[in-house]
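Undergrad: This is the structure I have questions about; it appears just below.
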Amino acid sequence: MGKFLTVMTHLHTLAGPSVMLLYPLYASVVAIESTSKLDDEQWLAYWILYSFLTLMEMLLQPMLQWIPIWYDLKLALVAWLVLPQFRGAAFIYEKFVREKLITKYGARYFRDKSSPPKVSVKPSEDWTD
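Numbering (numbering that gives the first Met the number 0), first residue to last: 0 to 128.
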């Protein structure tokens, strides 16, 4: 029984980096190389939410250390964000983050962001040919 618990402890320790970093890194590279926009949205949303979660975790560390199952809760949340069956990151982005941004900046801000902004540059008088 002692060896089983040791193995389970090591698997639990490896599960976090695997679910939170290794698989998302791999899936992000695959998404960049694919032509689908859906997977790009999922992984960009994931990295936004993961960064926010990490920042909040750093700020709230004194309180979170008193919650014994915090790591397990975080692992479950991140698994929901990552797993393609749930597409949790895209769901959270669409339902909460995007709505707040549209409310604040308006829908026209998000239209056609793929094309570079048109900038007119007046040549300076001291430019020489």
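Think of the CB as a built atom: it goes at the ideal place given N, C-alpha and C, for glycine as much as any other residue. If you're wondering where the values come from, they're calculated on a predicted model, not measured in any experiment.
1) Whole alpha helix (DSSP H) runs in the region 19-97 with 4 or more residues, listed along the chain?
2) At the level of alpha carbons, what is the spacing between Trp-65 and Ser-35?
3) Go through its chain and collect everything with a Cβ distance to Ile-91's Cβ below 8 Å, but skip five positions before and after it.
4) With a threshold of 6 Å on Cβ separation, who are the neighbours of Asp-128 within its own chain once the five nearest residues in sequence on each side are excluded?
5) According to DSSP, is Asp-128 helix, strand or coil?
6) Assuming Arg-97 contacts Gln-41 under a Cβ cut-off of 8 Å, what Cβ separation, rounded to an integer in Å, is found between them?
7) Taking only the alpha-carbon atoms, compute the straight-line gap between Met-19 and Gln-84 and give it to the nearest angstrom.
8) Would a C-beta distance cut-off of 8 Å place Leu-76 and Trp-69 closer than the cut-off?
TA: Let's see:
1) 22-32, 36-58, 60-63, 69-81, 87-91
2) 43 Å
3) Ala-44, Leu-48, Leu-80
4) With a pLDDT of only 49 at Asp-128, under the threshold of 50, the placement of this residue in the model should not be trusted, and no figure is reported.
5) Residue confidence for Asp-128 is low, a pLDDT of 49 falling below 50, so the modelled location carries little weight; the figure read from the coordinates is stated next. DSSP places Asp-128 in coil when its eight states are reduced to three.
6) Between Gln-41 and Arg-97 the Cβ distance is about 13 Å, and since that is not below 8 Å, they are no contact.
7) 16 Å
8) no
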